[in-house]
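Enquirer: Quick one: the structure is below, and I'll ask about it shortly.
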Amino acid sequence: MTGPLVLETLGLTKSFPGVHALSNVDFRLFAGEVHTLMGQNGAGKSTLINVLTGVHAHDAGEIRVDGRSVRFSAPLEAEAAGIRTLYQEVNLCPNLSVAENIFAGRQPRRRGAIDWKAIHAGAREAIAQLNLSLDVTQSLDTYPIAVQQMVAIARAVSVDARVLILDEPTSSLDDSEVAKLFEVLTKLKQSGIAILFVTHFLEQTYAISDRITVMRNGKREGEYLAKDLPVDELVRKMVGEVPVSAERRRSPSAADAASAAAAGRASPRFDMRGIGRRGAVQPIDLTLESGRIVGLAGLLGSGRTETARLLFGADRADTGTITVDDVPVKLGSPRHAVKHGIGYCPEDRKKEGIVAALSIRENIVLALQAKMGWWRPLGRAKEKRIAEHYVKALGIRARDIEQPIELLSGGNQQKVVLARWLAIDPKMLILDEPTRGIDVAAKFEIMDRVMQLCAKGLGILLISSEIGEVLRVSDRIAVLRDRRKVAELSGDALDEHEVYRLIAGGQA
Amino acid sequence: MNARLLQTIARHPLLWPIVTLLLLFTLDVVHRHDFLAITVLDGHLFGAPIDILNRAAPLVVVSLGMTLVIATRGIDISVGTVVAIAGATAAVLLADDPNRLGLALAAALGVGLLAGAWNGLLAAFVGMQPIIATLILMVAGRGVAQLLTGGQIIPIGARGYLRLGDGFIAMVPCAVWIALIVVVVTSLLVNRTALGLLVRAIGVNPVAARLVGLRSSAIVFGVYVFCGLTAAIAGILASSNVRSADGNNAGLLLELDAILAVTLGGTSLAGGRFSLIGTVLGALIIQTLTYTTYSIGVPPEATLVVKAIVVLVVSVIQSARARELLAQLATRLAASASSTRARTEVQ
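So the sequences go chain by chain: A and B.
Counting from 1443, one number per residue, gives the positions in the first sequence under the working numbering.
Counting from 642, one number per residue, gives the positions in the second sequence under the working numbering.
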């Protein structure tokens, strides 16, 4: 059912000062196909997409649309050629209606005035084409992110679309929303649109792709039919070497635990009893202790992040108590939590984690400095020492510690946020999706560090959408569903199928 | 000159404030060759540059407070009003008894702290938009100042108070010394404590700042209090300089000049990175501009237009896009210079 070749690049090359972002890349995209672009961070996926969509102009090589050579010097030119792009974040206006969003910038007019009837009718039609039904007059922000994304797709394909490029569209969707998105993509594909898809999720790649192109270090590693490429083969091609051991972490044995307790390392123990907040999470019991990793499993919206925020004092709990080694404490703000040695790496790294314009050094010392207070400065020399220590210890790849953190890759930014908390010598770390949007090798690297820290006595609360990751490292797993803890598994009960069954609604 | 140096200069945040100030000076020197001449008269320094520094002092002081407020993503449009209230407070107390200099100064500064605390309370703890929070005091405070002065202009006769505005210490005007002290104290406060880092963190990403355990509200509150204090100091200088307190007109529109000084100095209104030196240069640019328009004979009714044009040009040049273009130009110039040199060497 593969259609004609729509978009093709030949020997595409693009450099930035000091970096060959793309060298000599050949790429093909056929009508009626979903083609997934895979590769680690820095492999050149984003640059390729930016060149195809006119964000950057290429240095050498050729782009052909329908066999004709083109050169895009602005995104509008690519759009005019029928190439439409959806970026990671939904780029629409949340305060406007669905219909206004679909037609923004190209409103049909009648006698000089905007023709609202035509807009609403057109929007309804565009939405219906995706097998959805929405009230198009409602403002966009009344709908969940997943629906907003559908609206963005409707906008993108509503006029003469030939190619639809989706850059990590699923990173903020839960499983059922992803399934819905894939339904829509399948329908679009059948209508003859060529779809270029970028994702980090292996399962999704296989669920939707017809063809896969793997990129590595700015070069095309190869192009494969999805059905001919086994998943381990794909990972090897992306990483270029055998991936870091994915063996399951062994929980400390009873003897280890006893000796740790004797050495006084099992302390502190944080007990949450009946901690809840209306509209966020039902009262929950959870115990975290030194040297243990507790995983929180559940779908997006199951109350994972909400639980973490209550423990950290980012939101205030309406019910329940928290004790540290049986002493009740009040964690009414992040400041209190930090005082008790809790650190929190938030889910949304960009919005809540990094302080973009500040340097790596400043980002690393921030929590420590906040803890010490403004009148007791660390001083430049000490800041430098601390930052350099962690850059080395965590393997943060950067030009130097004065580089603004926003210029680092996602994995390195995450390591800086981790370093920020390690600098206060924490007792307990909450990691909310620590490996989201990070390439495979860096994922393993970060989780390895986390396990090492845990072995040294740090307590960890790990939240991750990747059940495999949670299973691999956790001593215990609390399963959340519909803002409620439905089960807690440990030891032999830690089983993939069991976790999936509980998440999906099975009885404990 | 190598490319990197040229690029560093082209991208340096203080480039345009310095260039603007030098251009204004050049214009003045062309117009009046003895512009830069400073002479000693009666044991005091005299000359146009001293005059500019002296007159710029209140603006410099209040702009420093404004810089920190803006760095936290805030704004304080009540500073002009606080200038009037502080001046009125001192004048009223001195009118009763000209010998109560200490009390008058303490009261004026105290009123500034109080005004700042009010703004800080609304902006940091109640969570109002800073422009609205300070608008309240901007409007209501004028009423307070007028009540204090009874709607009259109150003359000030206390010798000690007037020396702040027209006296000299070690040949340099007192007002310049006071401005200098505020500059030094502010810069120590920002650089020798962790305040600079924390303020920038709050300005760049308030959510992340809270989640690292920073007491953002307390710091933002403190910054408004400090801004109120600088406004009060400016109010003392201004009322001393004109030997009277005028509830209606003292400090009128000073908030706008202060915001302008901050932006001319390269601090973004979006918060985050800020430059105290840039702000001082910005305030000096504004005062020099005023001086220049008068001295080269721009008719008084046209001075505001001239000022607007200069501000427009400087703002456009300072925009991110213009600076990027300039940096590219610098790179190209350096590249062509080095290739020319290479060619000459080959020959």
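Where is the CB? At the ideal position from N, CA and C, for every residue including glycine.
Fair warning: this is a prediction, and the values are worked out from it, not measured in the lab.
#1: Using the Cα positions of A:V1684 and A:I1802, report the straight-line distance between them to the nearest angstrom.
#2: Which whole-angstrom value describes the C-beta separation of A:G1740 and A:V1882, a residue pair presumed to lie in contact below a C-beta threshold of 8 Å?
#3: Classify B:T790: buried if its beta carbon has 16 or more other beta carbons within 10 angstroms, exposed otherwise.
#4: With respect to the beta strand (DSSP E) encompassing A:H1498, which residues constitute its N-terminal and C-terminal limits?
#5: Only counting the same chain, and skipping five residues up and downstream in sequence, which positions put a Cβ closer than 7 Å to that of B:A651?
#6: Helix or strand or just coil, what does DSSP make of A:Q1646?
#7: Pop quiz: B:N725 and B:G869 are said to be a contact at Cβ under 8 Å. What is the actual Cβ separation, rounded to whole angstroms?
#8: Using a Cβ-Cβ cut-off of 7 Å (strictly less than) and excluding sequence neighbours within five positions of B:R645, which residues of its own chain qualify?
#9: If we count the other Cβ atoms within 10 Å of its Cβ and call it buried at 16 or more, is B:P699 buried or exposed?
#10: With a Cβ-Cβ cutoff of 9 Å, do A:Y1786 and A:A1835 count as a contact?
#11: Taking only beta carbons into account, state which residues of the stretch 1816-1828 of chain A come closer than 8 Å to chain B, listed in chain order.
#12: With a threshold of 9 Å between beta-carbons, can B:V861 be considered close to chain A, or not?
#13: Do we get a CB-CB distance below 9 Å when we pair B:N846 with the residues of chain A?
#14: Is B:P941 near the ligand ADP - that is, is its Cβ less than 8 Å away from at least one heavy atom of it?
#15: Using the rule of at least 16 other Cβ atoms within 10 Å of the residue's Cβ for burial, across every protein chain shown, is A:R1878 buried or exposed?
#16: I'd like to check one pair, A:I1717 with A:P1725: are the Cβ atoms closer than 9 Å?
#17: Over the uninterrupted beta strand (DSSP E) stretch that includes A:A1502, give me the two end residues.
#18: Does the stretch 935-954 of chain B touch the stretch 667-677 of chain B, meaning 3 or more C-beta pairs lie closer than 8 Å?
#19: Excluding the 5 residues preceding and the 5 following A:H1462 in the sequence, name in chain order all residues of the same chain whose CB lies nearer than 6 Å to its CB.
#20: Going by CA-CA distance only, name the one from A:N1537, A:L1534, A:V1769, A:L1871 that's closest to A:L1900.
#21: What residues from chain A crowd round B:L841, counting only those whose CB sits closer than 7 Å?
#22: Quick one: what's got a C-beta closer than 8 Å to A:V1467's C-beta in the same chain, skipping five residues either side?
#23: Give a yes or no on whether 9 Å exceeds the smallest Cβ distance from A:L1808 to chain B.
#24: Under the rule that 16 or more other beta-carbon atoms within 10 Å means buried, what is A:S1687, buried or exposed?
#25: Which value, in whole angstroms, describes the spacing of the CA atoms of B:I927 and A:R1862?
#26: With a threshold of 9 Å between beta carbons, is A:M1870 in contact with chain B?
#27: Can you tell me the Cα-Cα spacing of B:V823 and A:M1893, whole angstroms?
#28: Would you please verify whether the beta carbon of B:V853 is less than 9 Å from any beta carbon of chain A?
#29: State the DSSP-derived secondary structure class of B:A644, mapped to helix, strand or coil.
#30: Out of A:D1583, A:S1732, A:M1714, A:G1554, which has the shortest C-alpha to C-alpha gap to A:V1769?
#31: For A:I1650, tell me which candidate among A:R1678, A:M1680, A:L1608, A:G1664 has the shortest Cα-Cα distance.
#32: At a Cβ threshold of 9 Å, is B:A758 touching chain A?
#33: Hey, out of B:L897, B:V883, B:L647, B:G906, whose CA is closest to B:G806's CA?
#34: State the Cα-Cα distance for the pair A:L1936 and A:I1569, rounded to the nearest angstrom.
#35: Going residue by residue through the stretch 730-765 of chain B, where are the continuous beta strand (DSSP E) segments of at least 3 residues, counting only ones entirely within it?
#36: Ignore the nearest five residues each way along the sequence and tell me which others in A:Q1590's own chain have a CB closer than 7 Å to its CB.
Expert: Checking against the coordinates, here is how it stands:
#1: Caution is warranted here: a pLDDT of 41 is assigned to A:V1684, below 50, making its placement in the model unreliable, and no coordinate value can be reported.
#2: The beta carbons of A:G1740 and A:V1882 sit about 23 Å from each other, so the pair does not count as a contact at 8 Å.
#3: By the Cβ neighbour-count rule, B:T790 is buried, with 16 or more other Cβ atoms within 10 Å of its own.
#4: In the DSSP assignment, A:H1498 falls outside any beta strand (DSSP E) and carries neither an H nor an E.
#5: Only residues of its own chain outside the window of five on either side were considered, and among them L967, A968, A971 have a CB closer than 7 Å to the CB of B:A651, listed in chain order.
#6: Reduced to three states, the DSSP call for A:Q1646 is helix.
#7: Contrary to the premise, residue 725 of chain B reads as Ala rather than Asn in this sequence. 13 Å between Cβ atoms; not a contact.
#8: Taken in chain order, the list of residues that qualify is empty.
#9: By the Cβ-count criterion, B:P699 is buried, with 16 or more other Cβ atoms from all chains shown falling within 10 Å of its own Cβ.
#10: Against a cut-off of 9 Å, the Cβ pair of A:A1835 and A:Y1786 comes out as no contact.
#11: Correct list: W1816, W1817, R1818, P1819, L1820.
#12: At a cut-off of 9 Å between beta carbons, B:V861 makes no contact with chain A.
#13: With a threshold of 9 Å between beta carbons, B:N846 makes contact with chain A.
#14: Looking at this structure, you won't find the ligand ADP or any other ligand, since it has none at all.
#15: The residue in question, A:R1878, is buried, as its Cβ has 16 or more Cβ neighbours within 10 Å.
#16: Going by C-beta atoms, A:P1725 is nearer than 9 Å to A:I1717.
#17: Counting along the chain, the beta strand (DSSP E) containing A:A1502 begins and ends at 1502-1507.
#18: As far as the Cβ criterion goes, the stretch 667-677 of chain B touches the stretch 935-954 of chain B, which means the pair count is three or higher.
#19: Counting only Cβ-Cβ distances below 6 Å, and skipping sequence neighbours, we find G1660.
#20: Nearest of A:N1537, A:L1534, A:V1769, A:L1871 to A:L1900, Cα basis: A:L1871.
#21: The sequence as given places Arg at residue 841 of chain B; Leu does not occur at that position. Within chain A, the residues placing a beta-carbon under 7 Å from that of B:R841 are L1800, ordered along the chain.
#22: The beta carbon of A:V1467 sits closer than 8 Å to those of T1451, G1453, L1454, T1455, G1486, L1490, G1503, M1657, G1660, K1661, R1662, all from its chain and outside the five residues before and after it, given in chain order.
#23: It does: the Cβ of A:L1808 has a partner Cβ on chain B nearer than 9 Å.
#24: Per-residue confidence for A:S1687 stands at a pLDDT of 45, beneath the threshold of 50, marking its modelled position as unreliable; the derived number appears in the next sentence. So A:S1687 counts as exposed.
#25: In this structure, the straight-line span from the alpha carbon of B:I927 to that of A:R1862 is close to 42 Å.
#26: No, A:M1870 does not count as interfacial toward chain B.
#27: Approximately 51 Å, taken between the alpha carbons.
#28: For B:V853, the answer is yes, since a Cβ of chain A falls inside 9 Å of its Cβ.
#29: It is helical.
#30: For A:V1769, the closest C-alpha among the options A:D1583, A:S1732, A:M1714, A:G1554 is that of A:M1714.
#31: Per the Cα distances, A:L1608.
#32: So no, B:A758 is outside the interface.
#33: If we check each option's Cα against that of B:G806, B:V883 comes out closest.
#34: Taking the Cα positions, A:L1936 is about 43 Å away from A:I1569.
#35: Complete beta strand (DSSP E) runs here, min 3: none at all.
#36: Correct list, in chain order: V1532, L1534, L1582.
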